[in-house]
Amino acid sequence: GAGVSQTPSNKVTEKGKYVELRCDPISGHTALYWYRQSLGQGPEFLIYFQGTGAADDSGLPNDRFFAVRPEGSVSTLKIQRTERGDSAVYLCASSSRGGAGANVLTFGAGSRLTVL
Amino acid sequence: GQNIDQPTEMTATEGAIVQINCTYQTSGFNGLFWYQQHAGEAPTFLSYNVLDGLEEKGRFSSFLSRSKGYSYLLLKELQMKDSASYLCAVRDPGGSWGKLQFGAGTQVVVTP
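Shown next as structure tokens:
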């Protein structure tokens, strides 16, 4: 597609529920990233995919968070047993390669998650 | 880890110049980025510096001094549409190429 697409744009859920957030990267971009942005803060790295594999998941806060990218394109971030502290905007970004250089990230508009 | 500091908010008049400073403390360095983020929208790439010096791109310029752990973003001929948050980000030297550590952002308010 023309840009990085994320759905849903807004999600309100109750504490303890399970949520899935979807990211459709720019066509042909092999590298995909998930970041989380809390109010008044900069984005915080969660996980990086190169192709289908999670090359770096060091930013996932705990084992309630999981992400997949089974066909090397669309990715889904999954959050189990949501907590109020998970409320944030979840940003997805993609880039054309995972190697050296500027490796400019193109971000989606994000999925705003609110846990009541 | 890395510590990235930038001012919380700056106000300037339309047509003026504003300089947003960013300082970082890190054990290594592999590039510094500036992104612009309008409220409720995606961050968009503005500039990338990996060597010392000034990079100019139209009304926006970015400067880097690696020895001082310092960068600034210079916005010239300010327009109302420049009202946004400006994010300074440093690439993690030990991590993946798109793994960035962001500052909290500087909210720039442009007044008529």
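Read top to bottom, the protein sequences are chains A and B. Here our numbering is used: the first residue of the first sequence is 1, the next is one more, and so on. Here our numbering is used: the first residue of the second sequence is 117, the next is one more, and so on. Virtual Cβ for every residue (Gly too), placed ideally from N, Cα, C. Note that the structure is a prediction, hence the values are computed from the model and not measured.
Just the chain A side, please: which residues come within less than 8 Å of residue i by C-beta, in chain order?
{"i": "B:S199", "result": "Result: empty, since nearest Cβ-Cβ is about 16 Å, beyond 8 Å."}
In chain B, which residues lie less than 7 Å from residue i when you measure between Cβ atoms?
{"i": "A:S95", "result": "G214"}
{"i": "A:Y107", "result": "Going by the sequence as given, residue 107 of chain A is Phe instead of Tyr. Simply A158, P159."}
{"i": "A:D57", "result": "Here the premise fails: no neighbours, minimum Cβ distance about 10 Å."}
{"i": "A:Y48", "result": "S212, G214, K215"}
Can you grab the Cα-Cα spacing for the pair residue i / residue j, in whole Å?
{"i": "B:Y164", "j": "A:R81", "result": "39 Å"}
{"i": "B:N146", "j": "A:F107", "result": "20 Å"}
{"i": "A:H29", "j": "A:Q6", "result": "15 Å"}
{"i": "A:F66", "j": "A:W34", "result": "11 Å"}
{"i": "B:E130", "j": "B:M196", "result": "6 Å"}
{"i": "B:A128", "j": "A:V68", "result": "44 Å"}
{"i": "B:R175", "j": "A:D63", "result": "45 Å"}
{"i": "B:A158", "j": "B:A132", "result": "26 Å"}
{"i": "A:P70", "j": "A:A31", "result": "13 Å"}
{"i": "B:L190", "j": "A:A2", "result": "29 Å"}
{"i": "A:L21", "j": "A:K11", "result": "9 Å"}
{"i": "A:V115", "j": "A:A88", "result": "9 Å"}
{"i": "A:S95", "j": "A:L105", "result": "5 Å"}
{"i": "B:E171", "j": "B:V134", "result": "16 Å"}
{"i": "A:Y48", "j": "B:S212", "result": "8 Å"}
{"i": "A:G72", "j": "A:A93", "result": "14 Å"}
{"i": "A:V112", "j": "B:T222", "result": "The sequence as given places Arg at residue 112 of chain A; Val does not occur at that position. Whole-angstrom Cα-Cα distance: 21 Å."}
Show which residues of chain A have a CB atom less than 9 Å away from the CB atom of residue i.
{"i": "B:F218", "result": "Y35, Q37, Q41, G42, P43, E44, F45"}
Show which residues of chain B have a CB atom less than 8 Å away from the CB atom of residue i.
{"i": "A:N62", "result": "Here the premise fails: no neighbours, minimum Cβ distance about 18 Å."}
{"i": "A:G110", "result": "A158"}
Cβ closer than 7 Å: which chain A residues qualify as neighbours of residue i?
{"i": "B:L203", "result": "G42"}
{"i": "B:G221", "result": "G42"}
Taking 8 Å as the CB-CB cut-off, is residue i touching chain D?
{"i": "A:N103", "result": "The structure shown contains no chain D; its protein chains are A and B."}
Legend entry - Three or more C-beta pairs below 8 Å linking the region 205 to 224 of chain B and the region 38 to 57 of chain A: At 8 Å Cβ cutoff, the stretches touch.
Legend entry - Residues, ordered as in the chain, of the region 150 to 174 of chain B that lie near chain A by beta-carbon distance below 9 Å: Y151, Q153, G156, E157, A158, P159, T160, F161, Y164, V166
Inset, instruction - Could you name the residues of the region 19 to 32 of chain A whose beta carbon sits closer than 8 Å to any beta carbon of chain B, in the order they occur along the chain? - result: A31
Legend entry - Residue ranges of each beta strand (DSSP E) within the region 8 to 61 of chain A, 3 or longer: Counting whole runs of 3 or more residues, the region 8 to 61 of chain A contains the beta strand (DSSP E) stretches 10 to 13, 19 to 24, 31 to 37, 44 to 50, 53 to 56.
Inset, instruction - Inspect the CB distances between the region 138 to 155 of chain B and the region 57 to 65 of chain A and report whether three or more fall short of 8 Å. - result: no
Legend entry - Any 3 or more C-beta pairs closer than 8 Å across the region 130 to 143 of chain B and the region 194 to 210 of chain B: yes
Inset, instruction - State whether the region 68 to 85 of chain A contacts the region 12 to 29 of chain A, with contact taken as three or more CB pairs (one from each stretch) at a distance under 8 Å. - result: With a cut-off of 8 Å, the region 12 to 29 of chain A and the region 68 to 85 of chain A count as touching, because enough Cβ pairs lie within range.
Inset, instruction - For the region 156 to 180 of chain B, list the beta strand (DSSP E) runs that are entirely contained and at least 3 residues long, ordered along the chain. - result: 160 to 165, 169 to 173
Legend entry - Residues in the region 68 to 87 of chain A having any Cβ partner in chain B nearer than 9 Å: none
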